[in-house]
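First comes the structure, then the notes that go with it.
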Amino acid sequence: MTDIIAQLEAEQMGNKAVPEFSPGDTVVVQVKVKEGDRERLQAFEGIVIAKRNRGLNSAFTVRKISNGEGVERVFQTYSPLVSSIELKRRGKVRRAKLYYLRDLSGKAARIKEKLG
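Here the sequence shown stands for residues 798 to 913, where the numbers follow the numbering used here.
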């Protein structure tokens, strides 16, 4: 039974190209938004503060500052609503979860870029 589930999950994951990214990286996530009968792509750009690796159920949290207010959004990595994930820049961090960024504001919340 579990072999069948694992096979189905691998099949679902195989047809989606997801770039290699980690917490601290800045990404642009293109999300499909349905408004009435129209469907469009909406870009959400921010810093990845958490990543949850669970196969098909993998998810990641992106945080951005919009109009002086912190906005966090959790995306399912293999969701059909996530059109694409583009890596903008790599961040140099030593933590797996960057929840401490919630308490920081302005220049204190900046993350150094990973070079090389």
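Glycine included, C-beta positions come from ideal geometry on N, C-alpha and C. Because the structure is a prediction, the values reported are computed rather than measured.
Contact belief for residue i with residue j at Cβ below 8 Å, rounded distance in angstroms
i	j	result
Arg837	Val845	Their Cβ separation, rounded to whole angstroms, is 24 Å, which puts Arg837 and Val845 out of contact at 8 Å.
Lys911	Arg887	4 Å
Cβ-Cβ distance between residue i and residue j below 8 Å
i	j	result
Pro816	Leu884	yes
Phe872	Ala856	yes
Ala847	Lys813	no
Val859	Arg870	yes
Leu878	Val828	yes
Ile882	Val826	yes
Lys909	Lys889	yes
Contacting residues, own chain, Cβ-Cβ under 8 Å from residue i (five flanking each side not counted)
i	result
Leu853	Glu806, Gln809, Met810, Tyr875
Val868	Gly843, Arg860, Lys861, Ile862
Ser880	Gln827, Val828, Lys829, Leu838
Test: residue i CB closer than 8 Å to a CB of chain C
i	result
Gln827	Absence of chain C from the displayed structure is noted, only one protein chain being present.
Candidates the options: closest to residue i by CA position
i	options	result
Leu901	Gly913, Pro877, Gly865	Gly865
Arg851	Ala906, Arg907, Ala803	Ala803
Taking only runs that begin and end inside the segment 811 to 889, name each unbroken beta strand (DSSP E) of 3 or more residues, in chain order.
DSSP runs (the beta strand (DSSP E)) wholly in the segment 811 to 889: 823 to 832, 835 to 849, 856 to 863, 866 to 873, 879 to 886.
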